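Here's the structure we're looking at; comments come further down.
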Amino acid sequence: MLHWSIFSGIYTSFFYFLLSLKVHTLLRVKELTFLRIIVMKTSNYLSILALAFSVSAYAQDKEQPATNPRNTNPEAIVATVNGVEIKKGQLDQAFEQNLMFVSDKIVTKEKVLNDIINREIGIKKAKEAKLQDDPIVKSKMEDVLYHAQISKDLEKKLQGIQVSDKEAQDYYAKNKEYRTAHILFRVRVAPDKAEVEEAMKKSLEVYKQLQSKPQQWPELANKYSQSSTAPAAGDLGYLPAIKYAPEYFRAINGKANGYISPPTRTQFGYHIIKVLGVKEWKEVDPALYKKIVYDQKRDKILEEYFADARKGAKITVNKEWLK
Numbered sequence: 001m002l003h004w005s006i007f008s009g010i011y012t013s014f015f016y017f018l019l020s021l022k023v024h025t026l027l028r029v030k031e032l033t034f035l036r037i038i039v040m041k042t043s044n045y046l047s048i049l050a051l052a053f054s055v056s057a058y059a060q061d062k063e064q065p066a067t068n069p070r071n072t073n074p075e076a077i078v079a080t081v082n083g084v085e086i087k088k089g090q091l092d093q094a095f096e097q098n099l100m101f102v103s104d105k106i107v108t109k110e111k112v113l114n115d116i117i118n119r120e121i122g123i124k125k126a127k128e129a130k131l132q133d134d135p136i137v138k139s140k141m142e143d144v145l146y147h148a149q150i151s152k153d154l155e156k157k158l159q160g161i162q163v164s165d166k167e168a169q170d171y172y173a174k175n176k177e178y179r180t181a182h183i184l185f186r187v188r189v190a191p192d193k194a195e196v197e198e199a200m201k202k203s204l205e206v207y208k209q210l211q212s213k214p215q216q217w218p219e220l221a222n223k224y225s226q227s228s229t230a231p232a233a234g235d236l237g238y239l240p241a242i243k244y245a246p247e248y249f250r251a252i253n254g255k256a257n258g259y260i261s262p263p264t265r266t267q268f269g270y271h272i273i274k275v276l277g278v279k280e281w282k283e284v285d286p287a288l289y290k291k292i293v294y295d296q297k298r299d300k301i302l303e304e305y306f307a308d309a310r311k312g313a314k315i316t317v318n319k320e321w322l323k
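Here UniProt numbering is used: the first residue of the sequence shown is 1, the next is one more, and so on.
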């Protein structure tokens, strides 16, 4: 089972972290980027959830050393801070979780206890400053509740996700790792018609030159590409399919070495793409592709969860503001 004290720890650590900033700085949204630690997108949050599961499993499965029977009571009070009790069970759990992280510092129970004491002091100061009443802080706390509810509802389903070697290999057969180079003609996020037409015109001119003289690729890439890879002849190296824009990957999928695509439009602009290599299954890391398939299964569970949750919600959308 998931240790729900992890979520209470998020709350308390949340206030403690706030104290590291001056109050006037705190209220500036751009200075709150550190809060992303606890309000990540659901996919990143689930990575923390997976770690919590592994911590739980580790704590249950590892061989326990011999201990003094007097020190095994989880309700024993180890310390008090301004009247707040810190119990042995809380200390033991925090200690074991700290052991899971690689560090050049030695982890001792005394150090972990001091961290908990410092946190309690920080919480008190944050509450005295009424930071919990700040609208930005409230919003972040609501995000924590949101993720905690997802965890509560989906814990068993997420724990039950399994990916076989065959599933990973079947996925890879359709989504291989390609090494590509590109010549990019950029367009802005919201370009006008003239800008798009000019980028397309230039890309077609360069593409025609490459059709007759493909050996000029390095020269033309360095001269025309508006990508940071231009000095390297546009070489992007090997990348998994999920790292490419969908339109980009469709333009190269199934193509052989040396293939040069006609101009392909993505959100970044027009690309002329050259295939430089493709890896076979035996050349890639199977664990990476198991993770990709796992993420797809997880995302499907989340989509179904929210589709069902939306059935009981009243939602209105003004599509004019989406254009």
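Glycine included, every Cβ here is placed at the ideal spot set by N, Cα and C. Please read these numbers as outputs of a predicted model, since none were measured by experiment.
Straight-line gap, residue i to residue j (C-alpha atoms, nearest Å)
i: G312; j: I301; result: 18 Å
i: Q132; j: E219; result: 59 Å
i: S227; j: G234; result: 7 Å
i: D153; j: F95; result: 28 Å
i: K314; j: W281; result: 47 Å
i: V278; j: K176; result: 7 Å
i: K201; j: R265; result: 12 Å
i: T108; j: G258; result: 58 Å
i: K166; j: D134; result: 51 Å
i: S225; j: A256; result: 23 Å
i: A129; j: E120; result: 14 Å
i: P231; j: N222; result: 5 Å
i: S139; j: V81; result: 28 Å
i: V206; j: K323; result: 32 Å
i: L49; j: F306; result: Low local confidence applies: a pLDDT of 40 at L49 is under 50, so the model's placement there is unreliable, with the coordinate-based value given in what follows. Using only the alpha carbons, I get a separation of about 18 Å.
i: K111; j: M141; result: 28 Å
i: Q215; j: K208; result: 13 Å
i: N318; j: E155; result: 34 Å
Within 8 Å, strictly: CB atoms of residue i and residue j
i: K297; j: I161; result: yes
i: L252; j: Y178; result: The amino acid occupying residue 252 in the given sequence is Ile; Leu does not appear at that position. Yes, these two residues count as a Cβ contact at 8 Å.
i: P246; j: L288; result: no
i: Y270; j: F185; result: yes
i: I273; j: L210; result: no
i: E195; j: R188; result: yes
i: A76; j: I86; result: no
i: A199; j: L236; result: no
i: A168; j: V293; result: yes
i: N73; j: K88; result: yes
i: K290; j: V137; result: no
i: L91; j: L113; result: yes
Where residue i falls, given that 16 or more other Cβ within 10 Å makes a residue buried
i: I116; result: buried
i: P263; result: buried
i: S212; result: exposed
i: F249; result: buried
i: A126; result: buried
i: V275; result: buried
i: Q93; result: buried
i: W217; result: buried
i: I242; result: exposed
In chain order, which continuous runs of the alpha helix (DSSP H) of length 4 or greater are located wholly inside the region 70-112?
88-99
Could you pull out every unbroken beta strand (DSSP E) segment of at least 3 residues lying fully inside the region 174-234, listed in chain order?
Uninterrupted beta strand (DSSP E) stretches at least 3 residues long and entirely within the region 174-234 occur at 178-186, given in chain order.
Which whole runs of the beta strand (DSSP E) in the region 248-290 are 3 residues long or more, in chain order?
264-266, 269-278
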